[in-house]
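Asker: Sharing a structure with you now.
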Amino acid sequence: MNLFKKIVFKLYVIFLMVFTVWYGHFMYPLIFGFEGKEMAAESLKDLGEAGTDHEKMFVKLISEHGKKSVTDLGYKVIDQPYIEGRFHHIGFPIEPDKASLCVSCHGNVPHDNSKEVRSFLNMHAFYVGCETCHIQPKEAGESWRFRWYSKENGDIIDNPVALVEIEDSYKEDAAHNYPTYGKYGAKIAPVIQKGSELVLLSGEKEKKFAQRYVTELGNLNSEQKSQIKKVIHQKVSKTPLQCDGCHQEKDPYIPYAALGYPPRRVVELTNTSVVGMIEKYKEFYIPSFLSPGVGNE
Amino acid sequence: MSKYDPIVYKEGKRLFYRFSAHQRLQHVVLFSSVLILALTGFPLRHAEESWARPLYDLMGGTELAPLIHRAAGTVLLALFVYHTIYWMVLFYKNHIGKLKREKRVTIGNIIREFFSQEMVPNKKDLIDIIHIWKYLLYFTNRPPRHERMSWREKFDYFAPYWGIPILGPAGVALWWRDEFSHIMPGIVLNAAYIMHTDEALLAVLFLFFVHWYNVHYAPEKFPAATVWLTGYLTEDEMIHEHYADYVRVMIEQGLEDQIQPQHFGGKEYDW
Amino acid sequence: MQVAHSVLIRDVGMNKHVMTKWIAVFVFSFCMFSYSNAGFAGDELNCVLCHKHRGLSRIDEDGKFRLFYINQELFDSGPHRRNKCKDCHTDIDKIPHEPARKVDCMQECHMVEPSGNIKFSHKTVEETLHKSAHSPLDEDGKPKPHQEDYPGCKDCHDQPFYRPFSFYKGELKAGVSKRGISRCKGCHTNGDFAEDFYEHITTRLRKSRYPMETIKSCAKCHQDPEFQERHDLDDVVTTYMQTFHGKMIALGSEKTADCLDCHVVEGENTHLIEGKEVITSAVYKNNVQATCRTSECHEKAAAQLASYQTHVTYDREKYPLQFYMLVGFKALMACVLYFFLALIFLELLRRLFPCFSFIKDKKQDDEVE
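Chains as they are written, first to last, in our numbering: chain A, 122 to 418; chain B, 2 to 272; chain C, 40 to 408.
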């Protein structure tokens with residue numbers, strides 16, 4: 122019997138022994154498991170009656186992330202995130218921005234200050250990168266332009282095709298055509314030319330700083346934390362870009378056409394319905410609407 | 002007694018007869034129906050697991066899979082009855098018949114004949130069980146010398162004999178629940194549910210590990226033993242698993258001088 | 040659990056310029072109509088101008104995530120599609136609007152119920168619910184303790200869908216059948232009338248929700264351990280899911296009984312779920328046999344089928360039969376399986392050291408027994 126065969130044999134025997142132990146472990150819950158899977162958040166029980174609604178919500182949020190609601194109609198299945206208290210259906214998973222560093226701390230729904238328009242600002246945050254409004258690229262001193270970046274990996278990508286689908290929806294069979302706005306999987310953000318490559322204005326350096334900050338958080342003393350926060354947010358301009366910066370007919374800040382917006386949509390955004398809406402809002406919410414995020418809190 | 006030769010030669014190698022074609026066919030029916038039962042039953046038993054729905058859909062979904070399960074169950078129950086009759090006929094032919102010819106038909110002799118059957122447990126099995134533990138705990142360097150049926154094979158054989166009487170009636174009661182309710186109260190179904198699901202779990206856990214170890218995973222069998230197809234064991238396997246029987250057959254066939262020494266479990270693989 | 044959250048209405052000095060605003064709203068709305076793009080019949084104010092955006096959202100003061108996006112396609116897939124936004128959100132009559140008030144499902148809407156020619160309302164549902172175990176009031180009309188635990192509409196229902204089907208070739212097929220609808224449209228040519236009725240009626244011919252969704256909506260409260268403790272209830276959902284009824288539903292069947300099949304008297308309003316101690320309840324001890332034997336269930340069964348126990352916990356006192364059987368089987372399984380597992384493990388170990396032994400056998404290797 123040669124040595125190789127012997128080694129293979131012994132190794133196989135050892136593998137079988139591991140398999141036997143695993144099988145014993147695998148059987149255990151099958152034999153002794155009395156109960157089905159627990160669906161509710163067990164830790165809620167610890168809070169008991171004494172827990173405030175906010176405390177309970179905290180525990181629930183921590184334990185129930187990724188909760189879904191699935192409706193099976195037989196001919197189609199609607200798989201959507203579960204939002205407590207919501208009556209209308211969403212019909213899609215809410216896509217997170219995995220690439221933006223701002224979002225990694227501030228979340229997908231970051232605007233909260235201007236009560237009147239925060240929902241609108243959050244709506245924009247679905248397809249407009251934070252830098253677009255919160256960093257003034259003029260100060261960067263370099264030549265810059267707007268591009269789309271992928272929410273998945275941060276790559277600079279081509280203009281989303283979904284924009285064209287919106288244009289198509291005006292055309293035929295309008296009664297049963299439901300375009301979805303904001304389903305681009307990408308965001309608009311300022312980019313600069315670095316050598317042969319286009320890079321996001323928010324930059325690798327800030328990204329590295331912030332990542333380092335998050336990992337080192339436990340080691341920093343409280344003054345250092347405040348200092349570093351200041352450094353990370355240094356590029357953030359005091360006054361963010363205002364609505365009429367982009368929603369105006371003459372020279373809008375964002376070059377819609379170059380970013381793939383179809384002509385009819387550009388007219389909406391810079392001229393008729395949207396601009397009309399903003400005018401309406403200004404009137405309705407005078408004076409706070411004029412400068413969202415300034416002196417409101 | 003048998004149309005099969007105890008030893009046949011194939012490519013110069015000795016093969017030892019184990020199972021007739023009839024028995025092998027019964028085994029095929031047995032394992033096919035058990036596999037189908039397991040595949041259509043376990044997704045239901047573990048319906049809350051993520052693998053359950055896809056597997057159940059593959060097995061025909063909620064409409065078809067229960068029908069397949071019941072059909073396979075019917076086949077298994079029929080096989081159980083058939084095999085019992087088959088066994089009784091063989092017992093009558095080979096044992097009672099012999100006693101009749103010899104005019105020795107007494108209760109005591111019938112019981113003695115019963116225990117002399119090859120798959121019925123006897124004193125030698127008890128000795129072998131003690132022996133294997135001695136061997137496994139290194140108190141002897143010689144493994145037990147099994148007769149034609151080792152105690153483990155007998156356990157495998159009798160497992161369906163305790164499993165089917167528990168699983169079968171419980172399954173039938175759950176199947177014909179409305180009709181059964183006329184002769185039994187509903188709580189019997191609660192009992193039937195536990196009987197059916199837990200006994201099935203035992204059977205499947207046993208088959209997929211212990212039995213499959215014996216015939217698939219064990220190093221000398223991997224990837225699969227062939228006796229269920231051919232009906233014959235090789236000389237190596239005979240020496241390894243049924244040494245006492247091997248010696249007996251060899252002597253009966255007048256091959257006394259060619260008897261090989263007993264293997265240890267993989268002695269040839271020792272360093 | 041109707042957690043009343045504060046409705047945000049702030050005073051922003053609305054009384055000024057009311058007339059100018061109204062004129063502007065009129066002109067503005069008119070302007071927008073020409074750009075309204077989708078067939079969203081109920082959207083007079085062009086609410087979707089904003090609400091079609093997927094990100095329209097905020098975090099409320101009480102920490103709740105509020106998404107204001109309306110999926111028009113899904114909205115158009117249910118009975119509410121014939122309602123205008125304003126039918127439910129009555130407080131919104133202009134754009135822009137203040138945070139909307141909570142919708143009152145009991146209000147009359149603009150739809151006319153054809154049989155009685157009266158305005159439609161879900162009032163009867165509330166009346167029924169108040170007769171059931173889920174009523175927030177006790178028999179004397181006093182509020183029960185833990186008011187927040189008693190369900191409102193939205194605790195069990197999100198926006199309903201139609202679940203149409205056909206069986207033209209004998210086999211149930213989900214969705215609107217072209218063959219079926221063509222028979223309607225021969226006469227009812229106007230608008231979506233035929234589709235509406237087809238979907239409405241076929242949806243009502245079976246469960247309007249897939250059973251697992253019904254179970255999940257019960258589970259929201261009944262599987263919450265804190266809730267069970269407050270109301271001294273068993274974990275009925277978990278125990279139900281361990282029955283063949285529950286398991287078949289989990290695997291996609293619609294044929295076995297879900298919560299409503301056993302807990303609502305056949306032919307009653309499904310909102311009338313009564314406790315097992317109420318004499319008219321479907322699960323009152325004398326009524327169980329009738330409930331099991333309802334049409335399309337165990338019709339052929341005898342009354343004694345009712346002694347079957349559904350919500351079994353393996354509790355020695357409450358369910359001794361199940362408890363001892365289970366203990367027996369588990370002991371048997373553990374003995375048999377771990378015995379053989381140990382044997383195989385040692386046998387494998389023996390193969391690593393085939394010749395080692397504390398005591399050498401006196402018999403020789405080649406000795407015949």
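Note that the Cβ used here is the ideal one computed from N, Cα and C, for glycine as well.
(1) 8 Å is my cut-off, CB to CB: does glutamine 198 of chain C come that close to chain A?
(2) To which residues does DSSP link glutamine 201 of chain A through a beta bridge?
(3) For glutamate 252 of chain C, return the contacting residues in chain A, with the cut-off set at a CB-CB distance below 7 Å.
(4) For a test of the three-state rule: what should DSSP assign to tryptophan 269 of chain A, helix, strand or coil?
(5) Over what stretch of residues does the alpha helix (DSSP H) that includes valine 173 of chain B continue unbroken?
(6) Using 8 Å as the threshold, is the region 152-164 of chain B in touch with the region 202-213 of chain B, meaning 3 or more CB pairs across them?
(7) Please report the straight-line C-alpha distance between aspartate 276 of chain A and tyrosine 270 of chain A, rounded to a whole angstrom.
(8) Say whether the region 304-321 of chain C touches the region 276-285 of chain C, bearing in mind that this needs 3 or more beta-carbon pairs closer than 8 Å, one atom from each stretch.
(9) Quick check: is the beta carbon of glycine 157 of chain A nearer than 8 Å to any beta carbon in chain B?
(10) Please identify the residue among C:His90, C:Thr277 and C:Ile240 whose C-alpha is closest to the C-alpha of cysteine 257 of chain C.
(11) Near glutamine 245 of chain B, what residues of its chain come up, given a Cβ to Cβ distance below 7 Å and the 5 sequence neighbours on each side ignored?
(12) Judging by CA-CA distance, which residue of A:Ile152, A:Gly306, A:His186 and A:Val335 is the nearest neighbour of proline 217 of chain A?
(13) Is the Cβ of cysteine 301 of chain C closer than 8 Å to any Cβ of chain D?
(14) For glutamine 205 of chain C, which beta-bridge partners are listed by DSSP?
(15) Quick one: Cα of glutamine 257 of chain A to Cα of histidine 354 of chain A, how far?
(16) Can cysteine 298 of chain C and threonine 330 of chain C be called in contact, C-beta distance under 8 Å?
(17) For chain A, find out if any of its Cβ atoms is closer than 8 Å to the Cβ of leucine 77 of chain B; answer yes or no.
(18) Within the continuous beta strand (DSSP E) that includes glutamine 314 of chain A, where are the two ends?
(19) Is the CB of glutamate 112 of chain C under 8 Å away from at least one CB in chain A?
(20) Ends of the beta strand (DSSP E) at lysine 14 of chain B?
(21) Quick one, which of C:His310, C:Val275, C:Arg332 and C:Arg389 has its alpha-carbon nearest valine 164 of chain C's?
(22) Within the continuous beta strand (DSSP E) that includes lysine 11 of chain B, where are the two ends?
(23) Any beta carbon from chain B within less than 8 Å of tyrosine 347 of chain C's own beta carbon?
(24) Which bits of chain C does isoleucine 204 of chain A rub up against, with CB to CB less than 7 Å?
(25) Using a cut-off of 7 Å between C-beta atoms, extract the partners of methionine 138 of chain A located in chain B.
(26) Take valine 195 of chain C and list the residues in its own chain whose beta-carbon comes closer than 7 Å to its own, dropping the five residues that flank it on each side.
(27) Thinking just about the alpha-carbon of each residue, which of B:Val250, B:Thr141, B:Lys125 and B:Ile195 is nearest to the one in tyrosine 18 of chain B?
(28) Distance cutoff 8 Å, beta carbons only. Does valine 335 of chain A sit that close to anything in chain B?
(29) For cysteine 70 of chain C and methionine 398 of chain A, I'd like the C-alpha separation in whole angstroms.
(30) Within the 8 Å Cβ cut-off, does proline 220 of chain B reach chain A?
(31) What does tyrosine 149 of chain A touch in chain B if you count any residue whose Cβ is under 9 Å from its own?
(32) Can you confirm whether the region 146-154 of chain A touches the region 356-376 of chain C when touching is taken to mean that 3 or more C-beta pairs between the two stretches lie within less than 8 Å?
(33) Could you compute how far the alpha carbon of isoleucine 184 of chain B sits from the alpha carbon of serine 51 of chain B?
(34) Does DSSP put glutamate 221 of chain B in a helix, a strand or coil?
(35) The beta strand (DSSP E) with phenylalanine 104 of chain C in it runs from where to where?
(36) Does the distance from the C-beta atom of alanine 53 of chain B to that of methionine 60 of chain B stay below 8 Å?
Answerer: Checking against the coordinates, here is how it stands:
(1) Interface residue, yes.
(2) BP columns for glutamine 201 of chain A point to A:Ser190.
(3) For glutamate 252 of chain C, the C-beta contacts it makes with chain A under 7 Å involve Thr192, in order along the chain.
(4) If DSSP states are grouped into helix, strand and coil, tryptophan 269 of chain A belongs with the strands.
(5) Here the alpha helix (DSSP H) through valine 173 of chain B covers 152-176.
(6) Contact between the region 152-164 of chain B and the region 202-213 of chain B is present, because at least three Cβ pairs lie under 8 Å.
(7) Taking C-alpha positions only, aspartate 276 of chain A is separated from tyrosine 270 of chain A by approximately 5 Å.
(8) With a cut-off of 8 Å, the region 276-285 of chain C and the region 304-321 of chain C do not count as touching, because too few Cβ pairs lie within range.
(9) Residue placement at glycine 157 of chain A is flagged as unreliable, the pLDDT there being 43, under the threshold of 50; the coordinate-derived value follows with that caveat. Judged by the 8 Å Cβ criterion, glycine 157 of chain A is in contact with chain B.
(10) If we check each option's Cα against that of cysteine 257 of chain C, C:Thr277 comes out closest.
(11) Checking the sequence shown, residue 245 of chain B turns out to be alanine, not glutamine. Answer for alanine 245 of chain B: Arg146, His147 and Glu148, listed in chain order.
(12) Checked all of A:Ile152, A:Gly306, A:His186 and A:Val335; the closest Cα to proline 217 of chain A is A:Gly306.
(13) The displayed structure is made up of protein chains A, B and C, and chain D is not among them.
(14) The amino acid at residue 205 of chain C is misidentified as glutamine; the sequence shows serine. According to DSSP, which records beta bridges pairwise, serine 205 of chain C is partnered with C:Lys212.
(15) One C-alpha to the other measures close to 13 Å.
(16) No, the pair does not count as a contact, with Cβ atoms beyond the cut-off.
(17) Not closer than 8 Å to any Cβ of chain A, the Cβ of leucine 77 of chain B fails to qualify, so no.
(18) Residue range 307-315 is occupied by the beta strand (DSSP E) that includes glutamine 314 of chain A.
(19) Between glutamate 112 of chain C and chain A, the shortest Cβ-Cβ separation is below 8 Å.
(20) Unbroken beta strand (DSSP E) run through lysine 14 of chain B: 14-18.
(21) Nearest of C:His310, C:Val275, C:Arg332 and C:Arg389 to valine 164 of chain C, Cα basis: C:His310.
(22) Where lysine 11 of chain B is concerned, the enclosing beta strand (DSSP E) stretches over 8-11.
(23) It does; some Cβ of chain B falls within 8 Å.
(24) Near isoleucine 204 of chain A (Cβ distances below 7 Å), the residues of chain C are Phe104 and Leu106.
(25) Taking a Cβ-Cβ threshold of 7 Å, none of the residues of chain B is close to methionine 138 of chain A; the smallest such distance is about 11 Å.
(26) It is cysteine, not valine, that sits at residue 195 of chain C in the sequence shown. Around cysteine 195 of chain C, the same chain offers Ser256 as residues with beta carbons nearer than 7 Å, after the five sequence neighbours per side are excluded.
(27) For tyrosine 18 of chain B, the nearest C-alpha among the options comes from B:Val250.
(28) No, valine 335 of chain A lies away from the interface with chain B (no Cβ there is under 8 Å from its Cβ).
(29) Annotation note: pLDDT 40 at cysteine 70 of chain C (below 50); position unreliable, coordinate value reported separately. In this structure, the straight-line span from the alpha carbon of cysteine 70 of chain C to that of methionine 398 of chain A is close to 11 Å.
(30) True, the Cβ-Cβ gap to chain A drops below 8 Å.
(31) Scanning chain B for C-beta atoms nearer than 9 Å to the C-beta of tyrosine 149 of chain A yields nothing, as the closest lies near 11 Å away.
(32) At 8 Å Cβ cutoff, the stretches touch.
(33) Whole-angstrom Cα-Cα distance: 38 Å.
(34) Glutamate 221 of chain B sits in coil when the DSSP states are folded into three classes, being neither helix nor strand.
(35) Taken as a continuous stretch (DSSP letters only), the beta strand (DSSP E) holding phenylalanine 104 of chain C covers 104-106.
(36) In this structure, alanine 53 of chain B sits away from methionine 60 of chain B, with a CB-CB distance that is not shorter than 8 Å.
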